[in-house]
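Trainee:
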Amino acid sequence: MSAQPITARAALLEVHDLHVRFDLPNDRQLHAVQGVSLSLRRGELFGLVGESGCGKTTTILALMGLLPSSATVSGRIELEGQDLLAEGEASMRPHRWNDVAMVFQGAMNAFNPVKTVGSQLVEPMELHELAEGREAEARAGELLELVGIGKERASRFPHEFSGGMRQRAAIAMALACDPKILLADEPTTALDVMVQAQILELLTTLSHDLELTLVFVTHDLPVIAELCDRAAVMYAGEIVEEGSVETLYHDPRHPYTRLLFAAIPDAMGDKDVASIPGAPPRLDQEIVGCPFRPRCDVSFERCVTERPLPIWLSEQHRAACHRNDEVWAAAAP
Amino acid sequence: MGGGGAVTEDLLEVSDLVVRYPVQRGIVGTMRRRPKEQVHAVEGVSFSLGRGQMLALVGESGCGKTTTAHAILRLVEAQGGRIVLDGRDITRLNHGELRPLRRSVQIIYQDPYESLDPRFRVRDAVEEPLKIHRIGDAGADRRARVVQALERVGLTPPDLFLDRYPHELSGGQRQRVAVACALVLGPELLVADEPVSMLDVSIRAGVLSLLHDLRRSGLAILMITHDLSTAAHFADRIAVMYLGRVVEEGPAKEIARNPQHPYTKALMSVVPRPDPRDRSRREILHGETPDPVHVPPGCRFHPRCPIAQGVCREQDPELRPTERGATPDHRAACLFT
Amino acid sequence: MSTALESEPGVVAETSERRLRTAVWRLMKDRPSAVVGAIVLGLIVLLAIFAPLVAPHGIHDKIGPPFGRPADFKPLGLDDGGTDVLSLLIWGARISLIVGFAATLVAMLIGGTVGILAGYYGGSTDTVLMRITDYFLAIPDVPLMIVVAAIWGPSLSHIILVIGMLLWTSTARIVRAQVKSVRERVYVKRARALGAGDARIVFRHVLPQVAPLLVANTVLTIAVAIFDETALAFLGLSDPSKISWGKMIKNATESAAVSYGAWWAIVPPGVCVAIVILACTLIGSAMEDSLNPRLRVAHLAARGFRIGTEG
């Protein structure tokens with residue numbers, strides 16, 4: 566286990582100006598991801614936060630090349646220096662599951678009901694020629710132990726597992742080929758809060774022990790605040806703010822981040838809960854000016870015509886807002 | 019409040035409610051003569067709700083909160099206990115007698131994308147309850163009621179929404195339409211089953227504030243939720259359920275700040291908090307909630323309880339006022355509070 | 008707090024009613040075969056309706072020798088009774104189509120009712136009705152038709168009823184499946200919680216969701232009904248006073264048209280039946296495909312994304 570602090574390590578995955586467009590009928594296009602750039606290091610717990618339609622799921626699907634033929638992807642996705650998009654599917658495929666793996670949304674319900682859990686863990690290993698037969702089964706048992714399920718359960722069927730256990734098994738399946746990066750799409754959204762706490766604890770331990778980079782995608786901000794070191798907030802297909810979770814909470818520089826935190830009810834305090842009026846813009850039309858402007862409480866003339874670019878405010882913190890140099894009251898009073 | 023008569027201040031009183039389902043045995047089970055088992059969905063739940071109050075039924079999946087609400091709505095039959103609505107015992111009323119009651123008790127569902135018929139315009143959806151119960155005359159009278167309901171839920175100007183189809187509205191707007199459908203009959207009690215869990219975070223507060231404000235007109239709200247923070251913030255009282263029982267009950271903020279039952283304490287400790295610097299201890303319980311078919315003996319929480327003792331395996335604690343609770347109406351079902 | 012009507016991000020979803028209209032529109036673009044089928048069917052229906060005006064001769068008019076050749080008696084020659092084949096085809100269309108549509112109507116009414124009752128009420132009603140359906144399904148069609156037609160007598164209404172009796176089962180199954188799924192939708196549960204009666208729920212909430220699939224199934228049933236009529240007529244079980252395509256084939260076969268080499272007496276009616284059945288099938292399956300999202304499998308091909316160059 567490396568003693569190097571995470572921030573000092575070299576970048577494992579660098580995404581440069583990622584765009585994803587989907588074909589729509591009548592020759593239109595849905596611009597789902599609009600210029601996303603990220604940098605991830607080994608063993609990092611990174612959060613990708615946003616509400617429905619912001620493009621966070623499409624972004625991580627693009628990282629694995631799991632997009633349909635109606636999608637057009639541009640930009641660079643560099644894994645340890647190698648551009649995964651250079652040759653499309655051909656350059657993506659060797660890294661799928663071996664280097665970058667994913668726990669999909671609803672993965673806990675996506676198990677084949679007529680096959681044992683163990684056999685479903687063995688499958689990716691055999692597909693990627695990592696192990697076969699007895700060896701693969703043994704490793705499947707190890708994986709289950711790793712995620713907190715007794716290895717004797719490998720011979721059981723998915724319906725015999727509880728929801729939390731199935732989610733653990735889904736994580737085990739993603740770890741089958743020992744990836745460097747684990748993408749998790751809303752892994753705890755459908756779980757009870759206690760089970761969620763267990764899974765979050767598991768993910769923290771795994772990241773720590775295996776030096777695994779975790780990208781946690783969710784709409785649930787407090788979960789990110791609890792689990793992750795750094796996070797990026799997405800809106801209308803782009804990253805509007807990125808930084809450590811403390812910075813995001815105590816010194817947000819984009820109105821959406823600030824308002825999003827303000828929309829969370831605090832069980833302990835009495836601070837008022839706010840909602841953000843309006844809805845996100847349509848992504849099948851070109852956006853003029855700042856995409857958040859119609860819902861923003863501090864917009865001014867420049868926001869109407871000029872789309873803000875992300876500006877680095879410090880080494881780790883950037884925001885895409887014309888007023889990002891102004892310090893607002895922190896999310897908590 | 020003066021004495022005499024059976025006049026009660028509370029709109030809804032639930033006493034010792036019991037709901038059980040038989041478990042399907044299947045052919046093999048029947049042939050092997052497996053004993054018939056029951057799902058103990060609700061095992062003796064009591065609470066009351068006054069006019070203009072919001073009570074949040076909080077708990078994890080399988081705790082029985084949804085079944086309790088369905089039993090109150092008489093969508094599910096209770097095997098025991100009493101449900102008294104506005105002084106009237108409705109536990110055993112038959113279908114015909116229940117019909118007029120449908121006006122007094124309404125429900126809104128979790129899924130805004132499924133709870134409206136996609137073929138109905140907003141005006142048709144909100145008018146339908148009036149048609150079913152034959153309220154108002156067709157035409158101007160009903161239309162006025164529909165418009166009023168839309169205004170009450172914040173969909174203004176109403177004309178903009180009357181002719182829309184559900185798919186033309188956002189999730190938050192659909193949920194507001196669902197509330198309007200419920201309000202148009204002038205109910206006294208509104209049951210809200212996870213009203214915002216499928217909505218985006220940024221619009222939840224709007225819908226919850228709407229429900230909060232509706233209490234001012236005397237509407238009582240029973241909110242079912244798994245989200246403790248929401249319950250603590252918006253509700254007047256919270257009842258925490260576990261495996262078919264209420265294990266703690268009291269004023270919302272009090273329960274959130276000063277939980278007494280070990281289960282509530284653990285739940286509150288693991289609710290993720292938005293401030294990353296808040297690193298208070300998370301009490302993560304071992305395992306998951308046992309299935310309601312095999313309820314542990316004694317205190318049903320004892321297998322997972324961090325402070326369980328031998329006596330907990332034998333005695334089933336009652337819900338009673340706590341020692342360290344701030345008010346006497348803060349009750350918990352634990353032998354050690 | 009007022010909420011102005013905002014626009015939805017991404018693509019707007021469709022209602023069921025809209026889906027029917029969109030289905031028709033998409034039909035024209037994606038499935039030209041269905042459009043061709045619709046046009047052809049429409050033409051034949053028109054011809055049948057306007058038979059008295061369109062047919063060059065009457066069906067009893069003897070205008071030449073038996074099996075007069077098409078070269079001499081345009082365009083399709085004469086049958087064994089010296090009657091113009093083309094006129095017979097046009098007049099025959101009437102019976103074939105009438106029986107086809109009427110029998111389908113009977114099937115739809117019976118099947119729809121059974122399906123709705125079984126799907127909506129479930130439980131023992133469902134079990135009983137489905138066992139009856141299975142019973143009818145197990146009966147071989149043609150022998151039953153022969154028996155019934157032989158016993159009841161071959162009048163038009165009897166034929167329609169018999170065919171209808173056999174075809175309602177597939178409709179019943181499809182309707183039942185759809186009703187079962189719609190019944191579990193939240194808005195139906197909500198209507199019940201509101202106090203709506205069963206009739207209201209079925210007619211206002213369930214039926215509109217079932218209708219599109221029912222229409223698709225109906226079109227396909229018409230094809231089968233017309234085929235069954237043709238078979239019955241060929242076997243001599245149709246109304247003797249009326250001419251239909253099956254009858255034409257029967258007459259031709261019995262009078263040994265083949266040995267005469269008079270293909271024009273046998274082939275045209277067979278071709279007509281085939282064309283109508285094909286048309287109905289094209290329309291019906293195109294409708295089914297566009298209405299049943301589960302039949303679409305394009306989404307299963309994840310990957311195959313394209314690389315673009317613009318930022």
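Chains as they are written, first to last, in this note's numbering: chain A, 566 to 898; chain B, 19 to 355; chain C, 8 to 318.
The C-beta atom is built at its ideal place from N, Cα and C for all residues, glycine as well.
Would you please state the rounded distance, in angstroms, between the beta carbons of V97 of chain C and V149 of chain C? I believe it to be under 8 Å.
Mentor: Here residue 97 of chain C turns out to be Ile, not Val, going by the sequence shown. That belief does not hold up - the Cβ atoms of I97 of chain C and V149 of chain C are roughly 27 Å apart, past 8 Å.
Trainee: Under a Cβ-count criterion, where at least 16 other Cβ atoms within 10 Å of its own Cβ denotes burial, should V25 of chain B be classed as buried or exposed?
Mentor: No answer about V25 of chain B holds up, because its pLDDT of 44 lies below 50 and its placement is not dependable.
Trainee: Is the segment 808-816 of chain A close to the segment 861-869 of chain A, with three or more CB pairs under 8 Å?
Mentor: Contact fails: fewer than three Cβ-Cβ distances are below 8 Å.
Trainee: Should M833 of chain A and V614 of chain A be called a contact, given that it needs their Cβ atoms to be closer than 8 Å?
Mentor: No, they are not a contact pair.
Trainee: Whose CA, out of B:R117, B:R38 and B:R106, lies closest to the CA of T86 of chain B?
Mentor: Minimum Cα distance to T86 of chain B is reached at B:R38.
Trainee: Specify, as a first and last residue, the run of the beta strand (DSSP E) that P40 of chain B falls within.
Mentor: First-last of the beta strand (DSSP E) with P40 of chain B: D28 to P40.
Trainee: If you draw a straight line from the C-alpha of N889 of chain A to the C-alpha of L221 of chain C, how long is it?
Mentor: For N889 of chain A and L221 of chain C, the distance between alpha carbons rounds to 58 Å.
Trainee: Please state whether DSSP places Y131 of chain B in a helix, a strand or coil.
Mentor: Coil, per DSSP.
Trainee: Under the assumption that G70 of chain B contacts R233 of chain B (Cβ atoms under 8 Å), give the Cβ distance between them as a whole number of angstroms.
Mentor: Going by Cβ atoms, the distance from G70 of chain B to R233 of chain B rounds to 5 Å, so yes, they are a contact pair.
Trainee: In whole angstroms, what separates the C-alpha of L603 of chain A from that of P842 of chain A?
Mentor: So the two alpha carbons sit approximately 29 Å from each other.
Trainee: S79 of chain B versus chain A: which residues are under 7 Å apart at the beta carbon?
Mentor: Within chain A, the residues near S79 of chain B are D757.
Trainee: Just to confirm, is the Cβ distance from G190 of chain B to L217 of chain B under 8 Å?
Mentor: Yes, the pair counts as a contact, with Cβ atoms nearer than the cut-off.
Trainee: Determine the closest residue to D296 of chain B out of A:A703, A:P787 and A:G715, with distance taken between C-alpha atoms.
Mentor: Nearest C-alpha to D296 of chain B: A:P787.
Trainee: The ligand GDP and D296 of chain C: does any heavy atom of the ligand fall closer than 7 Å to the residue's C-beta?
Mentor: No copy of the ligand GDP occurs in the structure displayed, which carries no ligand at all.
Trainee: At the level of alpha carbons, what is the spacing between G20 of chain B and D28 of chain B?
Mentor: For G20 of chain B, the pLDDT reaches just 36, beneath the cut-off of 50, and the residue's location in the model is therefore unreliable, although a value from the coordinates is still provided. Approximately 14 Å, taken between the alpha carbons.
Trainee: Which residues mark the beginning and the end of the alpha helix (DSSP H) in which R110 of chain B is found?
Mentor: Looking at the DSSP string, R110 of chain B is not in any alpha helix (DSSP H), and its letter there is neither H nor E.
Trainee: Could you check what DSSP says for R297 of chain B in three-state terms: helix, strand or coil?
Mentor: Here R297 of chain B sits in coil by DSSP.
Trainee: Indicate the three-state DSSP secondary structure (helix, strand or coil) for Q761 of chain A in the structure shown.
Mentor: Looking at Q761 of chain A - three-state DSSP - the assignment turns out to be helix.
Trainee: Please confirm whether R313 of chain C has its beta-carbon closer than 8 Å to some beta-carbon of chain A.
Mentor: Chain A, which has a Cβ nearer than 8 Å to the Cβ of R313 of chain C, makes this yes.
Trainee: Assign K254 of chain C to buried or exposed, taking buried as 16 or more other Cβ atoms, counted over all protein chains shown, within 10 Å of its Cβ.
Mentor: Per the 10 Å Cβ criterion, buried.
Trainee: Is L93 of chain C near G71 of chain C, with beta carbons less than 8 Å apart?
Mentor: No, the pair does not count as a contact, with Cβ atoms beyond the cut-off.
Trainee: Residues of the segment 178-204 of chain C with a CB closer than 9 Å to any CB of chain B: list them in chain order, please.
Mentor: Taking 9 Å as the Cβ-Cβ cut-off against chain B, the residues of the segment 178-204 of chain C that qualify are R192, V193, Y194, V195, K196, R197, A198, R199, A200, L201, G202, A203 and G204.
Trainee: Counting C-beta neighbours from all protein chains within 10 Å, is the total for D245 of chain B 16 or more, i.e. buried, or is it exposed?
Mentor: By the 10 Å Cβ count, D245 of chain B comes out buried.
Trainee: Identify, in the order they occur along the chain, each residue of the same chain with its Cβ nearer than 8 Å to the Cβ of R141 of chain B, setting aside the five sequence neighbours on each side.
Mentor: Answer for R141 of chain B: R161, V164, L180 and D181, listed in chain order.
Trainee: Strictly by DSSP, which residues pair up with S66 of chain B?
Mentor: S66 of chain B is bridged to B:E31.
Trainee: Is the segment 760-769 of chain A in contact with the segment 80-100 of chain B, if contact means three or more CB pairs nearer than 8 Å?
Mentor: The segment 760-769 of chain A vs the segment 80-100 of chain B: no contact.
Trainee: Helix, strand or coil for H67 of chain C per DSSP?
Mentor: H67 of chain C falls in the coil class under three-state DSSP.
Trainee: Nearest to G630 of chain A by CA position, among A:P820, A:L777 and A:R658, is which residue?
Mentor: For G630 of chain A, the nearest C-alpha among the options comes from A:R658.
Trainee: Contact between the segment 777-787 of chain A and the segment 746-759 of chain A is defined here as three or more beta-carbon pairs at a separation below 8 Å; is this criterion met?
Mentor: The segment 777-787 of chain A is in contact with the segment 746-759 of chain A.
Trainee: Measuring CA to CA, which of B:G236, B:S247, B:R139 and B:D334 is closest to R318 of chain B?
Mentor: Residue B:D334 is the option with its Cα nearest to R318 of chain B.
Trainee: Can you pull out the residues from the segment 284-298 of chain B whose beta carbon lies closer than 8 Å to at least one beta carbon of chain A?
Mentor: Going along the segment 284-298 of chain B in chain order, one finds A284, L285, M286, V288, V289, P290, R291, P292, D293, P294 and R295 with a Cβ nearer than 8 Å to chain A.
Trainee: Only counting runs of 4 or more residues, tell me where the alpha helix (DSSP H) segments fall wholly within the segment 94-144 of chain C, in order along the chain.
Mentor: Fully enclosed alpha helix (DSSP H) runs of 4 or longer: not present.
Trainee: Please name the residue or residues paired with E61 of chain B in a DSSP beta bridge.
Mentor: In DSSP, E61 of chain B forms a bridge with B:V36.
Trainee: Count the other C-beta atoms from every protein chain shown that fall within 10 angstroms of the C-beta of N112 of chain B, then say buried if there are 16 or more, exposed otherwise.
Mentor: Per the 10 Å Cβ criterion, exposed.
Trainee: Return the residues of the segment 202-236 of chain C that lie within a Cβ-Cβ distance of less than 9 Å from chain B, sorted by chain order.
Mentor: So the list reads G202, A203, G204, R207, R211, H212, P215 and Q216, given in the order they occur along the chain.
Trainee: Less than 8 Å between the beta carbons of V368 of chain B and A210 of chain B, yes or no?
Mentor: The structure shown does not extend to residue 368 of chain B, since chain B spans only 19 to 355, so no value can be given for it.
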